[in-house]
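Just so you know, the sequences run in chain order A, B, C and D. So in our numbering, the last spot in the first sequence is 396, and the numbers never skip. So in our numbering, the last spot in the second sequence is 396, and the numbers never skip. So in our numbering, the last spot in the third sequence is 396, and the numbers never skip. So in our numbering, the last spot in the fourth sequence is 396, and the numbers never skip. Ideal Cβ placement from N, Cα and C applies to all residues, glycine included. The block underneath contains the structure these notes are about, expressed in structure tokens.
Protein chains: 4
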Amino acid sequence: MKIRLGMVGGGTGAFIGEVHRIAARLDNRYELVAGAFSSDSERAKQSAAALGIAPERAYDDFSEMAEKEGTREDGIDVVAIVTPNHLHHAPAKCFLEAGIHVICDKPLSASLEDAMDLERLVEETGLLFAVTYNYSGYPMVRQAREMIRNGDLGNLRVVQVEYPQEWLSTDLESTGQKQAAWRTDPARAGAGGSLGDIGTHAFHLTEFITGLEVNSLLADLSAFVHGRSLDDNAQVMLRFANGARGSLWASQVAVGHENGLRIRVYGDQASLEWFQEQPNQLKFCRLGEAPQYVARGGNTAGDAANAVTRIPGGHPEGFLEAFANLYRDFADQVEAFPARNTMNDSELLVPAVSEGVKGVLFVEKAVASSESGGIWLSMDS
Amino acid sequence: MKIRLGMVGGGTGAFIGEVHRIAARLDNRYELVAGAFSSDSERAKQSAAALGIAPERAYDDFSEMAEKEGTREDGIDVVAIVTPNHLHHAPAKCFLEAGIHVICDKPLSASLEDAMDLERLVEETGLLFAVTYNYSGYPMVRQAREMIRNGDLGNLRVVQVEYPQEWLSTDLESTGQKQAAWRTDPARAGAGGSLGDIGTHAFHLTEFITGLEVNSLLADLSAFVHGRSLDDNAQVMLRFANGARGSLWASQVAVGHENGLRIRVYGDQASLEWFQEQPNQLKFCRLGEAPQYVARGGNTAGDAANAVTRIPGGHPEGFLEAFANLYRDFADQVEAFPARNTMNDSELLVPAVSEGVKGVLFVEKAVASSESGGIWLSMDS
Amino acid sequence: MKIRLGMVGGGTGAFIGEVHRIAARLDNRYELVAGAFSSDSERAKQSAAALGIAPERAYDDFSEMAEKEGTREDGIDVVAIVTPNHLHHAPAKCFLEAGIHVICDKPLSASLEDAMDLERLVEETGLLFAVTYNYSGYPMVRQAREMIRNGDLGNLRVVQVEYPQEWLSTDLESTGQKQAAWRTDPARAGAGGSLGDIGTHAFHLTEFITGLEVNSLLADLSAFVHGRSLDDNAQVMLRFANGARGSLWASQVAVGHENGLRIRVYGDQASLEWFQEQPNQLKFCRLGEAPQYVARGGNTAGDAANAVTRIPGGHPEGFLEAFANLYRDFADQVEAFPARNTMNDSELLVPAVSEGVKGVLFVEKAVASSESGGIWLSMDS
Amino acid sequence: MKIRLGMVGGGTGAFIGEVHRIAARLDNRYELVAGAFSSDSERAKQSAAALGIAPERAYDDFSEMAEKEGTREDGIDVVAIVTPNHLHHAPAKCFLEAGIHVICDKPLSASLEDAMDLERLVEETGLLFAVTYNYSGYPMVRQAREMIRNGDLGNLRVVQVEYPQEWLSTDLESTGQKQAAWRTDPARAGAGGSLGDIGTHAFHLTEFITGLEVNSLLADLSAFVHGRSLDDNAQVMLRFANGARGSLWASQVAVGHENGLRIRVYGDQASLEWFQEQPNQLKFCRLGEAPQYVARGGNTAGDAANAVTRIPGGHPEGFLEAFANLYRDFADQVEAFPARNTMNDSELLVPAVSEGVKGVLFVEKAVASSESGGIWLSMDS
């Protein structure tokens with residue numbers, strides 16, 4: 016039996032909604048059966064029809080949807096929330112209260128308070144909750160994490176992570192472009208601009224891959240485009256619990272970059288580098304040896320990567336496959352439920368609500384640091 | 016309504032069957048409802064069950080399947096044939112005769128005679144027929160084709176195409192590895208080894224991208240692994256109708272390569288290069304200018320690429336998405352049917368049966384050339 | 016007539032001495048005629064003999080050399096000082112006082128006080144003085160600088176510069192390796208470890224290419240190798256006078272990197288990237304266009320690059336040629352002397368003593384920032 | 016004492032003459048003391064003056080130069096011949112007859128007859144003779160050769176070598192460009208266009224690196240630019256004595272390439288790839304392992320590479336350094352003379368006259384093959 020999936024947001028034309036749908040479809044584990052795709056009633060209906068949703072399960076209000084789906088015999092098992100940041104908390108709350116598992120886009124919420132509220136609710140309800148830090152679904156990211164856990168890099172010393180994009184180099188929001196409009200609007204995006212949109216990905220990836228915990232940071236944020244109120248460039252220094260040092264750069268005014276998430280980790284025995292735009296390989300250098308390239312699907316990939324690999328080496332997998340890996344991992348959890356929530360286990364790698372909270376904390380601390388002139392702040396909340 | 020799809024071959028565990036299924040699923044245009052997944056009855060049933068096929072539509076004989084599905088009210092619209100080469104012709108014939116459109120894996124058949132028979136049948140029945148030269152589904156391959164048709168390269172002079180792989184560098188077939196076993200067996204693969212398996216891809220891609228026609232060739236084939244009877248390395252020279260020259264290299268003993276299909280085309284005004292393992296970019300060089308990289312989803316991609324692009328630039332698409340593009344294009348044809356079969360039109364780019372015939376002709380000519388000591392042969396059949 | 020050159024330091028076997036000698040020789044503008052190659056009298060003599068220096072001009076004491084060469088009819092015109100950092104100031108002072116032009120390796124000195132003393136002396140004597148920030152000699156670095164001055168990038172917003180190396184990842188200094196020994200010894204290297212050795216290069220390159228001035232910085236320095244007293248990893252944040260932001264990373268514990276100096280500059284119209292290990296190309300991206308690669312010697316290289324290019328595009332030039340460009344530029348100055356010292360002119364790009372002072376200031380400020388816990392410090396001295 | 020060097024050809028402004036001079040100068044082993052830089056008396060004098068040659072040793076006639084230098088007490092030890100192809104044989108003959116060692120640019124001569132005549136003369140005189148197939152001087156080319164000799168690749172199966180350039184894509188010769196004019200003129204270049212200019216490099220590199228001998232070839236030559244009488248594109252198939260197969264492509268109409276010499280060698284145990292435009296690394300792939308990059312100057316470089324390496328890894332060396340390695344190797348031979356001519360020894364890797372003959376044979380065979388419609392010809396002369 017397929018898992019019954021509903022969706023909040025993601026009406027026709029929205030980029031991320033379609034990504035979630037393809038991700039859910041790829042492994043044939045989910046069936047999309049209900050949705051509140053838009054708060055505009057007409058658009059909601061049309062989107063639902065285009066997606067083959069039965070009319071009575073096409074809602075224009077997520078709370079009504081939560082209530083009805085929560086009580087139907089054949090109600091949804093899981094809801095995917097793919098609205099702008101400020102509209103994550105309310106629907107997530109509704110669905111949790113209706114007994115429905117939640118897959119929520121990142122960042123978890125527009126404020127730390129909301130994020131912590133969700134974390135509390137997850138704990139209370141015992142339901143499953145995933146935050147789609149989707150880059151953690153890439154096979155070679157899993158490979159990197161596994162190699163570090165295996166000690167292949169030795170003691171970690173330095174992490175350089177960056178996420179440069181070009182697309183907000185101009186005042187795109189004033190042209191009516193919707194994606195730009197809400198991401199640069201504090202009311203909808205929260206306190207972070209590039210920080211929330213992409214910085215949180217970089218931050219999550221750092222802790223996910225390294226297993227290290229950031230315990231303090233210092234940020235210098237800029238809004239280079241005239242009239243923009245949220246950061247479009249963020250330089251952040253990181254100090255890790257083990258003494259390692261790091262640098263995180265997120266920018267949406269970095270001309271020439273499409274989606275340049277790149278992470279480099281240096282230990283005393285080896286280093287590795289992963290670049291999202293060429294995701295099927297991992298550069299790996301042992302101290303004193305020739306650099307080598309570990310490949311997805313190849314002889315040198317390990318268990319963690321192979322577990323999320325669909326096709327042989329040399330046949331590139333991409334963004335959608337990585338995203339689908341989170342959906343597949345989550346499907347395993349849903350099917351095992353009510354076995355204990357194992358989202359934080361090493362075997363079930365879907366980012367949990369706690370990781371979502373951490374991401375929002377990162378945004379708030381970085382903003383606070385920068386507003387104080389660029390000072391070190393502890394990550395203890 | 017989704018298109019009803021059946022499948023011949025591709026039982027659980029087979030690589031290419033799963034690829035076709037994901038490709039069919041990705042855009043939600045097909046529903047897999049019937050299959051003869053194996054000639055082994057037990058395996059056929061288990062595969063069908065695992066795929067959610069109703070028991071009465073799980074066949075162990077493709078001719079029975081063709082007959083029954085051809086007469087059911089809700090019979091399949093399309094069959095996908097994903098068996099080894101020597102088992103393409105017979106089922107394809109059955110399904111065409113039963114009035115069912117066909118998607119057939121490449122090469123079209125194990126002999127030219129069979130290939131031409133299918134071409135004749137397609138003409139007679141007026142049905143739709145696609146050959147999955149899947150690399151033609153990549154957005155940047157479509158981009159390359161469009162640029163050449165637009166004259167961006169000027170008059171074409173030279174084409175260098177290659178498809179090196181490592182995986183048959185040793186006597187893998189003797190270890191019981193199934194994929195290796197049939198591909199190196201003339202009874203199942205036909206006259207070509209690496210030629211049929213990957214050389215045909217390279218050949219098709221060459222004509223697809225350039226719009227040029229090869230009118231003669233010369234081949235020097237080798238079987239480097241001791242005891243192997245089919246070629247595992249093929250060096251081929253090409254002469255095109257317009258006077259251009261080309262070199263095609265297909266090898267399955269090329270240590271270090273995973274799936275290294277690469278094509279470079281040189282005109283008198285510009286050149287371009289595409290590499291399958293980094294498929295989201297196209298190197299483009301105008302005479303006397305700095306080399307540049309056109310990117311899928313970016314500002315510089317054109318209509319043909321954008322038509323088969325799902326997600327923004329920098330979010331890599333891969334092999335499965337490209338494969339799915341053929342399924343999506345074919346779905347457009349199926350839904351337009353019985354409008355004239357437009358498979359050869361510029362707008363509907365699914366490789367047609369005639370391209371399948373050409374691929375088999377290529378194999379036979381190359382083998383004949385090599386067997387004669389490496390001489391030039393005309394491609395006129 | 017060739018310029019008569021003397022050398023202090025750089026006895027046989029020393030890496031940087033030989034680099035200077037090849038650089039001086041490459042364009043046939045200098046003749047090495049005197050030297051104090053070592054303070055060890057025997058080694059000084061042997062080195063001189065091996066280099067074809069007349070015995071009476073083989074000194075073991077630089078002050079004697081300055082005195083004698085300063086008074087000989089055929090005395091040296093220029094001295095190259097290639098000793099460890101703490102031994103730059105004293106000989107430089109001697110030779111300036113003897114009326115001899117100086118080429119000094121970087122960093123200018125082990126202390127800011129010494130650096131400023133030299134700057135004062137240069138002003139007083141009116142002599143020529145170059146600091147071999149040799150990376151500024153690469154043609155594509157000159158190209159980058161020219162493009163920015165021409166406004167090709169628009170207003171600059173962000174600079175990411177890094178200089179990672181692997182070679183001090185272990186306690187190499189304790190094995191007796193000389194290069195490691197003095198570089199990790201505060202008495203010989205000064206206050207900075209990786210900062211002085213490579214960070215100063217990165218810092219200089221940043222100001223050289225961008226034309227921007229750093230007006231404050233914040234540094235977080237580490238000594239990861241147990242027992243090391245100077246930094247082997249430096250994370251530095253930069254704020255530029257025009258509001259641009261930057262990040263500078265210098266590390267000698269970055270496993271996998273040989274000499275990975277890389278700079279990326281982002282403006283509101285375009286960006287560029289240069290990587291020292293593939294120095295013949297410059298990545299250049301205009302807003303909204305395809306990334307392109309400008310090549311040394313190619314059609315797209317400009318005047319500044321062409322002026323320091325010896326051979327056609329595609330025939331790679333390297334480190335020695337770039338180093339030699341500083342020697343050649345300096346030769347032009349020497350031959351024009353006593354025309355006004357034009358070292359800071361746009362046409363004569365050899366790094367001047369003032370740039371040497373700035374580099375030492377950078378080291379001292381970064382150390383002070385880090386020792387204060389990582390705080391912002393103004394670069395005003 | 017430095018070796019006394021003379022030069023024939025290479026007047027001011029000529030590319031290759033200056034390359035030879037820098038190569039001779041780099042290691043301080045030669046002193047240029049005489050020259051017949053041009054047959055134009057005025058230009059010869061001016062060039063000599065600019066190069067600091069004493070007026071009485073500035074000749075405008077190479078036979079006069081050979082005669083005089085051959086009898087002077089302080090006459091040249093070695094002459095470098097850097098004229099167009101058709102002017103190699105006559106001066107080389109003169110200087111050999113005058114007892115002077117010869118360094119001759121490639122191809123050895125414009126005809127096979129001339130080449131064999133020189134080989135005979137070298138044997139008769141017992142003098143040293145080098146042909147500047149300069150790419151064999153690159154450290155990583157030496158590394159590749161050594162690895163293959165060590166058996167790291169196992170039995171060799173396939174060689175893919177190519178040398179594409181853009182510069183003759185248009186009718187440059189008709190614009191008066193001198194380099195283009197003589198290279199496209201059969202009277203000065205000989206029978207081969209791109210074949211002689213760059214194909215011979217590719218051919219030599221193939222045999223040099225692999226240690227294999229080509230025993231037959233088949234060529235398909237084109238002259239794509241209207242009115243050009245020599246080939247500007249050459250597709251060549253190679254069969255080696257050990258059964259290996261190869262493909263060689265040389266083109267001067269390959270838009271987008273500067274000097275793209277690339278060789279890939281595949282054995283049954285491993286493969287390697289070297290690319291001239293990024294010459295400091297060698298891609299190396301063992302069967303079933305991750306691809307790795309062996310670097311010049313790094314821990315993984317071997318003796319052969321280290322012997323011709325001047326500066327540490329990560330500090331790129333280039334074309335001039337590689338060229339200089341031939342001069343340095345030749346200097347070792349000259350200084351050891353009249354010890355037996357060891358040019359073919361593994362330790363003294365300067366390409367010998369016999370290799371020069373082989374290159375001219377390659378050109379003539381390829382032309383003959385193509386003129387016969389593209390047939391296999393044995394390399395036995």
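- Put simply, the backbone Cα of valine 382 of chain D is about 20 Å away from that of alanine 196 of chain D.
- Residue contact check for serine 286 of chain A against chain C: a CB pair falls below 8 Å.
- Taking a 10 Å sphere around the C-beta of histidine 241 of chain B, we find fewer than 16 other C-beta atoms and assign the residue as exposed.
- Inside the stretch 62-142 of chain C, DSSP marks whole beta strand (DSSP E) runs of 3 or more residues at positions 93-96, 116-119, from first to last along the chain.
- Any Cβ of chain C closer than 8 Å to the Cβ of tyrosine 281 of chain A would place that residue at the interface, and such an atom is present.
- Less than 8 Å divides the Cβ of valine 97 of chain A from the Cβ of glycine 25 of chain A.
- Counting along the chain, proline 353 of chain B sits inside no beta strand (DSSP E), nor does DSSP assign it H or E at all.
- Listed along the chain, the chain D residues whose CB falls inside 7 Å of the CB of proline 306 of chain A are Gln307, Tyr308.
- The beta carbon of alanine 256 of chain D sits closer than 7 Å to those of Leu227, Glu228, Asn230, all from its chain and outside the five residues before and after it, given in chain order.
- When B:Gly271, B:Ile163, B:Arg243, B:Trp182 are compared, the shortest CA-CA separation from threonine 221 of chain B is found for B:Ile163.
- By the criterion of at least three beta-carbon pairs nearer than 8 Å, the stretch 278-289 of chain C is not in contact with the stretch 280-290 of chain B.
- Asparagine 314 of chain A sits exposed, since fewer than 16 C-beta atoms from the chains shown fall within 10 Å of its C-beta.
- Contact between the stretch 53-64 of chain A and the stretch 74-86 of chain A is established, with three or more Cβ pairs separated by less than 8 Å.
- Arg172, Val173, Gln175: these are the residues of the stretch 151-176 of chain D whose beta carbon lies less than 7 Å from some beta carbon of chain B, given in chain order.
- Flagged as an interface residue toward chain A: glycine 388 of chain C, by a C-beta distance shorter than 8 Å.
- Contact of leucine 302 of chain A with chain C is assigned, a C-beta pair being separated by under 8 Å.
- Boundaries of the beta strand (DSSP E) around methionine 22 of chain C: 18-23.
- Shown in chain order are the members of the stretch 251-273 of chain C whose Cβ falls below 7 Å from a Cβ of chain A: Met252, Arg260, Ser262, Trp264, Ser266, Val268, Ala269, Val270, Gly271.
- Scanning chain A for C-beta atoms nearer than 9 Å to the C-beta of valine 34 of chain B yields Arg325, Ile326, His330, reported in chain order.
- The stretch 203-211 of chain B makes contact with the stretch 242-251 of chain B: 3 or more CB pairs, one atom from each, lie closer than 8 Å.
- For phenylalanine 223 of chain C, the enclosing alpha helix (DSSP H) has its first and last residue at 215-225.
- Sixteen is the threshold: when 16 or more other Cβ atoms of the shown chains lie within 10 Å of the Cβ of glutamate 370 of chain A, as they do, the residue is buried.
- The criterion of a C-beta distance shorter than 8 Å is satisfied by leucine 245 of chain B and threonine 199 of chain B.
- Looking at D:His219, D:Gly258, D:Gln192, the one whose alpha-carbon comes closest to that of valine 176 of chain D is D:His219.
- Glutamate 336 of chain C and alanine 38 of chain C have their alpha carbons spaced roughly 7 Å apart.
- Neighbourhood of phenylalanine 239 of chain D in chain B, by CB distance below 7 Å: Arg172, in chain order.
- If you draw a straight line from the Cα of threonine 140 of chain D to the Cα of alanine 351 of chain C, it is about 50 Å long.
- Beta-bridge partners of valine 240 of chain B (DSSP): none assigned.
- No Cβ of chain A is located within less than 8 Å of the beta carbon of asparagine 295 of chain D.
- Taking the Cα positions, valine 268 of chain C is about 14 Å away from leucine 276 of chain C.
- In this structure, arginine 19 of chain B places its C-beta atom within 8 Å of the C-beta atom of isoleucine 91 of chain B.
- Ranked by Cα distance from valine 156 of chain D, the first of D:Asp132, D:Pro201, D:Thr225, D:Arg325 is D:Thr225.
- Taking alanine 130 of chain D as the centre and dropping the five residues before and after it, the same chain places the C-beta of Leu123, Ser124, Gly371, Val372, Val375 closer than 7 Å to its C-beta, in chain order.
- If you look at glycine 271 of chain A, you'll find it isn't in any beta strand (DSSP E); DSSP assigns it neither H nor E.
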